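A short write-up of the structure that comes next.
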Amino acid sequence: MRKTIPIHKAEITPENKCSFCVGSKCCTYLTQQIPTPRSKHDFDHLLWQISHENVHIYKDEDGWFLLVNNPCTHLLPDGRCGIYENRPQVCREHSNDYCEYDAPAEEGFELFFDSYESLLRYCRKRFKRWDR
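Just so we're aligned, residue 2 is where the sequence shown starts under this note's numbering, counting upward by one.
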């Protein structure tokens with residue numbers, strides 16, 4: 002006789018949600034809000050920033066952001082925080098009420114630039130005299 006073990010779907014709460022996340026996504030990058038670029042000079046500065054490895058730029062409903070894909074040095078191989086008890090305040094204040102476990106952040110991007118070339122194309126469209 003075969004025994005079956007019933008599978009119960011676990012209730013995901015803010016207290017246990019992080020344990021369901023594969024890859025600790027929120028700890029593999031950082032974002033920094035930047036002033037809204039308006040001039041050719043502002044966009045030229047963004048082109049310099051995006052010329053560096055693992056740097057992207059996006060705009061969402063909250064404004065413009067620099068996105069640096071670089072994991073936290075305290076992230077353990079199993080996805081836990083290696084300095085949890087002494088972690089920075091920004092980590093303590095991070096809310097997982099609605100996070101990338103629920104939906105990819107990219108879904109909220111109005112604009113996204115993953116390379117120098119993609120931002121340069123945007124600059125040329127926005128400023129008809131970009132190359133002059």
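Cβ coordinates follow ideal geometry from the N, Cα and C atoms, glycine included. Computed from a predicted model, the values in this text were never measured in an experiment.
Asked	Found
Is the beta carbon of residue 102 closer than 7 Å to that of residue 22?	yes
To the nearest angstrom, report how far apart residue 96 and residue 25 are at their CA atoms.	14 Å
Going by other Cβ atoms of all chains shown within 10 Å of its Cβ, with 16 needed for buried, is residue 59 buried or exposed?	buried
Counting C-beta neighbours from all protein chains within 10 Å, is the total for residue 57 16 or more, i.e. buried, or is it exposed?	buried
Taking only heavy atoms of the ligand ZN into account, decide whether any of them is closer than 6 Å to the Cβ of residue 112.	The ligand ZN is not part of this structure, which contains no ligands at all.
Are the region 41 to 51 and the region 84 to 95 touching, with three or more C-beta to C-beta distances below 8 Å?	no
For residue 128, count the other beta carbons within 10 Å of its own beta carbon; 16 or more makes it buried, fewer makes it exposed. Which is it?	exposed
Note down the Cα distance separating residue 72 from residue 35, rounded to an integer number of angstroms.	21 Å
Report the rounded CA-to-CA distance for residue 5 versus residue 16, giving the unit in angstroms.	30 Å
Give the straight-line distance between the Cα atoms of residue 1 and residue 68, rounded to the nearest whole angstrom.	With the chain represented from 2 up to 133, any question about residue 1 goes unanswered, as that position is not in the structure.
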